[in-house]
Amino acid sequence: VDRRWLGLRWLPLALLAATACAQSQSAAPQTTSTPSGHETITFANWASAEAATKDHIAQSISEFDQANPDVTVTSVPVAFSDIGHQLQLEVASGNAPDVAEISGNDGPALVQANALQPLESLLSQSFVGSLLPSEKALGEFQGHLEIAPWTVAPLGFWYNRDILSKAGLDPGTPPRTLDQLSADMARIKSAEPDVIPLGLDTTNRTFGLDVNWSLMRSFNADPFSGGKATADTRTMGQYLEFIRTLGQKGYTIPDQKIGYFRPLAAQGKVAFQFDGPYLQGVIQSVNHESDAAFYKTWAVTTLPAGPSGKHFSTPTDHQLVMFKSSKHKAAAARFIAWLAGSRQAITDYTIRYESSLPPVKNAISAFPTELNTPVFKSFESQVVPVVTRPAWGNTYTNGYSAVMAGIQKAVAGSEPISQIQAEMQSELRTQLGS
Amino acid sequence: MARVDWMVVPLVLVLALVIGYPAVRALTLGFFHYRLNQGDPVFTGVTNFQLLGGDPVFWTAIRNTLVYTGVSVAVTCLVGLLLALLTERMSERLPVIQTILLAPWAVPVIVVAFLFRYIFDQESGGANALLLALHVVAHPLPWLAYGPLAMAALVLANVWSQAPFFILVFLAALRGIPDHIVEAARVDGADEVAIARHIKVPQLMGALVPAVLVAIITNFNNFTLVWSMTEGGPAYDTTTLVVYVYRLAFTQLNVGYASAVGAVWLAVLTVFTVLFVRATASRTVAA
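Protein chains in written order, with the numbering used here: chain A, 1 to 434; chain B, 1001 to 1287.
Structural data, given as structure tokens:
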């Protein structure tokens, strides 16, 4: 055998061994400051990845660039469903962006990864002081403001008044308890068999659990209380029985994303929908209804109360984070404050294209022209006060799939609820290490 | 004495980097506790592999992978064989028929997934519309929300997408059968069924082995179709190993455990491939 070949054949193996043992912590964020002091910051977001918002966020960023000639923002589009793990991967590989748009569990998961820059010392006192306390609290962890609120979009209980009327129900009196909701859904199903009584997301995603979290809390149920598996409780069983009823009686379509129900809602085929304020924009973009016609048909209030007697809502707000690795923290902070707090960004983007409330105190009196609608008023006065933060973080990341799998078994299967609870508890124990 | 072909060195290096490194890295990570958002990997030996034994989702994923792959490949192979035999002589007279039959293979899997998602939509899908119109069912079926139906829908979409591959393979093999053998059988009084059964099908075995092997590997790794149609649901009823690995690694960020599942997945596929090749090789020798 050729001796040179004998030496060469080990080369790939040596290369493999070297690369396999290598750690991925060497890549450092690029510094993009120029000698003149001009800075470029990267902004990972899904607003620029979605057709409905990409042109408008680009316009908003362009306005920031014009107002801040020493800073240029480079927008990095990432799909909503990918941004959580994409950011975790970028943090692990040392190339996180400067600023990112996040939502739901993704923010607290990044906090627990120790990846975020606390913002209280970087943002101006006037900006921090202007924030709605409940919105600010959603981003506070151990006394630090790690996540800045951007758009306020809690889940509300939407109801179609035309459908209620046709079913013989009072269109001005939505159900206030889950028992009333069940009775109303039965009436609607009987009177209008083609209508879906309730649009509810039951997909196996963290967002799916976000949507169901408020319902669970209405039953005083918590599948992982204190970070431990607690899916075998009586209250969790009651909640799953309620979900079973929804599926068995055809009150909802199982295993569908909330987005599945929105076009159907626009066609008048969904009676109740647990969704954010942006539902109005989606419905009107589909059926081209005027504002007046929309408000005549649709109204929003809080989710009916369960045995706990309390109303709950889950935030689906869009938030902004800055990464510790950013080399342009001051510029990044200016950008965050501008997007979340400037009058221009709020009126031209947050309200108009996100159909959401701004995260500031007394939003309706601060923006009386733009927010003077029955929907925004209901959200501010009824829904925002009952917002509760789910148990977001590592426990949520590890346990959501077990819970949503159980919910899917309950809504579409025939397995006894007690068995579903036992399986959920067992899987949660494995996933949470409890 | 072997000669060194230096021209292959860049290729070997590139393959080592883009295939070898991820494979070795993934296998080694299976021996670590490594959650992407919880700091550096910690060596835990075979703990992840021990956890697999008591993980019901893992065993469900194994079962689903075998069902999905086995049924898909078997049905696709049979459909492909049947259509190849039926259309063998159409290439000259009615070439459009074969073109139509092969067309689904040109459709990207992601498009197939969305197409069949619409077909099996509970409210507005074509499948329920047809069944209701024919009075086969009284209420719309929850195709993608009920486990057994969801698996059936997945397999059906997969068969539609992949049958042309087998048609193509079998048509090519059929053209390799010498005409005089078939003519001799006809002269001896054999009908078309007997010719297909005793002459054509045995002659196709040589083409069948690599085709089935490719189909098994493709289906074992078919993430796009499963994720786009059902995301592994309802519950875990259509979760295959590749979907489970994705969910563990990229939604639960449990990279160490996902790597352990991936290692088992690779081992199962390797063992199966070796056994299949040996079995078919011995069969060919015996024949």
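C-beta atoms are modelled at their ideal positions from N, C-alpha and C, and glycine is treated no differently.
Within-8 angstroms CB hit, residue i to chain A
| i | result |
| --- | --- |
| P1056/B | yes |
| Y1146/B | yes |
| V1048/B | Reading off the sequence shown, one finds Asn at residue 1048/B, where the question assumed Val. Judged by the 8 angstroms Cβ criterion, N1048/B is not in contact with chain A. |
| L1036/B | yes |
| A1061/B | no |
| T1238/B | no |
| Q1098/B | no |
| L1125/B | It should be pointed out that residue 1125/B corresponds to Gly in this sequence rather than to Leu. G1125/B does not count as touching chain A. |
| L1011/B | no |
| P1202/B | no |
| Q1162/B | no |
Assumed close pair residue i, residue j - CB separation to whole angstroms, cut-off 8 angstroms
| i | j | result |
| --- | --- | --- |
| T1065/B | T1240/B | 4 angstroms |
| A412/A | D255/A | 6 angstroms |
| G37/A | D70/A | 6 angstroms |
| D162/A | G268/A | 6 angstroms |
| P197/A | Y239/A | 18 angstroms between Cβ atoms; not a contact. |
| K296/A | S130/A | Their Cβ separation, rounded to whole angstroms, is 34 angstroms, which puts K296/A and S130/A out of contact at 8 angstroms. |
| C1077/B | V1212/B | 6 angstroms |
| E1123/B | I364/A | That pair is no contact at about 37 angstroms. |
| R334/A | N68/A | 6 angstroms |
| V211/A | F274/A | 6 angstroms |
Min CB distance residue i to chain B below 8 angstroms
| i | result |
| --- | --- |
| H56/A | no |
| D255/A | yes |
| T252/A | no |
| L89/A | yes |
| P29/A | For P29/A, the pLDDT reaches just 40, beneath the cut-off of 50, and the residue's location in the model is therefore unreliable, leaving the point undetermined. |
| E427/A | yes |
| A412/A | yes |
| T397/A | yes |
| S401/A | yes |
| K361/A | no |
| N160/A | no |
| A405/A | yes |
| H85/A | yes |
Same chain, Cβ closer than 7 angstroms to residue i, five either side skipped, listed in chain order
| i | result |
| --- | --- |
| P1164/B | L1101, L1102, P1104 and W1105 |
| L320/A | V99, E101, A148, W150, I336, L339 and A340 |
| R4/A | Reliability of the predicted coordinates at R4/A is poor, the pLDDT of 49 falling under 50, and the value obtained from them is presented with this limitation in mind. Cβ within range, chain order: n/a, list empty. |
| G1045/B | F1031 |
| S401/A | N204 |
| L1073/B | Note on identity: in this sequence residue 1073/B is Val, with Leu being the wrong assignment. Same-chain partners within the cutoff: V1212, A1215, I1216 and N1219. |
| L1248/B | N1254, Y1257, A1258 and V1261 |
Close beta carbons around residue i, own chain, < 6 angstroms, minus the five adjacent residues each side
| i | result |
| --- | --- |
| V1187/B | none |
| R1035/B | L1253 and N1254 |
| Q23/A | Here Q23/A scores only 41 on pLDDT, less than 50, and its place in the model should not be relied on; the value that follows carries that caveat. Taken in chain order, the list of residues that qualify is empty. |
| S326/A | D98 and A332 |
| R1117/B | M1229 |
| L87/A | A100 |
| F1058/B | L1052 |
Alpha helix (DSSP H) segment containing residue i, residue limits
| i | result |
| --- | --- |
| P1056/B | P1056 to T1087 |
| H328/A | Careful: H328/A lies outside any alpha helix (DSSP H) and carries neither H nor E. |
| W1160/B | G1147 to R1175 |
| F64/A | K54 to A67 |
| V1109/B | V1109 to I1119 |
| P374/A | P374 to S378 |
| T1224/B | F1223 to M1229 |
| T1028/B | Y1021 to L1029 |
| P108/A | D106 to Q112 |
| S426/A | I417 to L432 |
| P1041/B | P1041/B -> no alpha helix (DSSP H), and no H or E assigned at all. |
Boundaries (first-last residue) of the beta strand (DSSP E) holding residue i
| i | result |
| --- | --- |
| S218/A | Run containing S218/A: none in the beta strand (DSSP E); it sits in the alpha helix (DSSP H), T206 to S218. |
| A1249/B | No beta strand (DSSP E) holds A1249/B; DSSP gives it neither H nor E. |
| D275/A | V270 to D275 |
| A44/A | E39 to N45 |
| F157/A | G156 to N160 |
| E101/A | V99 to S103 |
Residues near residue i by beta carbon distance below 8 angstroms, same chain, minus five either side
| i | result |
| --- | --- |
| L123/A | L145, A148, A333, I336 and A337 |
For this session: Kindly confirm or deny that the segment 1199-1212 of chain B and the segment 1131-1140 of chain B touch, where touching means at least three C-beta pairs closer than 8 angstroms.
Result: Contact between the segment 1199-1212 of chain B and the segment 1131-1140 of chain B is absent, because fewer than three Cβ pairs lie under 8 angstroms.
Problem set entry | the segment 279-287 of chain A touching the segment 260-270 of chain A, judged by at least three CB pairs closer than 8 angstroms | By the Cβ rule, the segment 279-287 of chain A counts as touching the segment 260-270 of chain A, because three or more pairs are nearer than 8 angstroms.
Problem set entry | Three CB pairs or more closer than 8 angstroms across the segment 45-65 of chain A and the segment 297-316 of chain A | In short, these stretches do not touch, since the Cβ pair count stays below three.
Exercise. Is the segment 387-395 of chain A touching the segment 178-186 of chain A, taking contact as three or more C-beta pairs under 8 angstroms?
Worked result: The segment 387-395 of chain A vs the segment 178-186 of chain A: no contact.
Problem set entry | contact_flag[the segment 114-130 of chain A, the segment 205-216 of chain A] where n(CB pairs < 8 angstroms) is 3 or more | Counting Cβ pairs under 8 angstroms, fewer than three are found: no touch.
Problem set entry | Against chain C: residues of the segment 93-126 of chain A by CB proximity under 7 angstroms | The structure shown contains no chain C; its protein chains are A and B.
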